[in-house]
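Since the structure comes first, as structure tokens, the remarks are kept for the end.
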Amino acid sequence: DAGVIQSPRHEVTEMGQEVTLRCKPISGHNSLFWYRQTMMRGLELLIYFNNNVPIDDSGMPEDRFSAKMPNASFSTLKIQPSEPRDSAVYFCASSFRQGSTDTQYFGPGTRLTVL
Amino acid sequence: DAKTTQPTSMDCAEGRAANLPCNHSTISGNEYVYWYRQIHSQGPQYIIHGLKNNETNEMASLIITEDRKSSTLILPHATLRDTAVYYCIVRESFGNEKLTFGTGTRLTIIP
């Protein structure tokens, strides 16, 4: 079975450019999460969706960040304009909530470098 | 608002059992203990979770104390591929699905 798929795996861009990260969750999962990992802040949740609806976006740094989930099989995280401090590894995860617990499966991540 | 406390790093000899402790003294009755690990440059990987009782799966065992204020993750026969950062996470059973990762324990398996 294919796991969570993220693209691109690596992205290098210049400050001020728009960046779009993509995620395909595991088929049948109903929750999708975007995380960011840096040396300084560790692994932190940016936003998560349940049944394609954003539930908690309290971790989104500022208005430059936006996330969408137009359907159950696709999500994007967009940064516009990008800044050097946005350099990080961005992980997407998905899960199927059943009862009181669920297991999140993480993708391989997108390593973003903003010059 | 860290809910868990873990040692920063640990070493374990290959083939031995690795015992990773976690303190969660403020855990409430409806909160689960989850363990994830992150091997270098990869996404985090789910290991195991539990509420009150001890749990075992093909990867590990989870021992939760009776008062639920601490737990231990046990990797019964550690291999070099178990070298990773291990995260102990406390999460509500209902409501917000987010995982709040701390700094974890960096486990190094020594050949």
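Line by line, the protein sequences give chains A and B. Heads up, the first sequence is in this note's numbering, so the first residue is 11 and it goes up one at a time. Heads up, the second sequence is in this note's numbering, so the first residue is 170 and it goes up one at a time. Cβ atoms here follow ideal geometry from the backbone N, Cα and C, with glycine treated the same way. Note that this is a predicted model, so its numbers are computed, not measured.
When the beta-carbon positions are compared, glutamine 47 of chain A and leucine 56 of chain A stay at least 8 Å from each other. For asparagine 265 of chain B, there is no enclosing beta strand (DSSP E), as DSSP marks it with neither H nor E.
Beta-carbon to beta-carbon, leucine 42 of chain A and serine 85 of chain A are separated by about 5 Å, close enough to satisfy the 8 Å threshold. DSSP places serine 240 of chain B inside the beta strand (DSSP E), whose first and last residues are 239-244. Annotated three-state conformation of proline 94 of chain A is helix, per DSSP.
In this structure threonine 173 of chain B is in contact with asparagine 192 of chain B, their Cβ atoms being roughly 7 Å apart against a cut-off of 8 Å. Leucine 276 of chain B carries a strand assignment under DSSP once its states are collapsed to helix, strand and coil. Close to chain A, meaning a Cβ-Cβ distance shorter than 8 Å, are the following residues of the segment 211-234 of chain B: Gln211, Gly212, Pro213, Gln214, Tyr215, His218. Excluding sequence positions up to five before and after asparagine 62 of chain A, its CB lies within less than 7 Å of the CB of Met79, Asn81, Ala82, all in the same chain and listed in chain order. Put simply, the CB of leucine 268 of chain B is near chain A, with a gap under 8 Å to one of its CB atoms.
Around the beta carbon of glycine 273 of chain B, a 10 Å sphere encloses 16 or more other beta carbons of the protein chains shown; the residue is thus reported as buried. In this chain, the beta strand (DSSP E) harbouring serine 76 of chain A covers 75-81.
In the structure shown, leucine 220 of chain B falls within a coil segment according to DSSP collapsed to helix, strand and coil. When the Cα atoms are used, isoleucine 208 of chain B and alanine 253 of chain B turn out to be separated by approximately 4 Å.
In the structure shown, the three-state DSSP call for arginine 260 of chain B is strand. Close to aspartate 112 of chain A, with beta-carbon spacing below 9 Å, are these residues of chain B in chain order: Glu266. When Cβ-Cβ separations below 8 Å define contact, serine 97 of chain A makes no contact with chain B.
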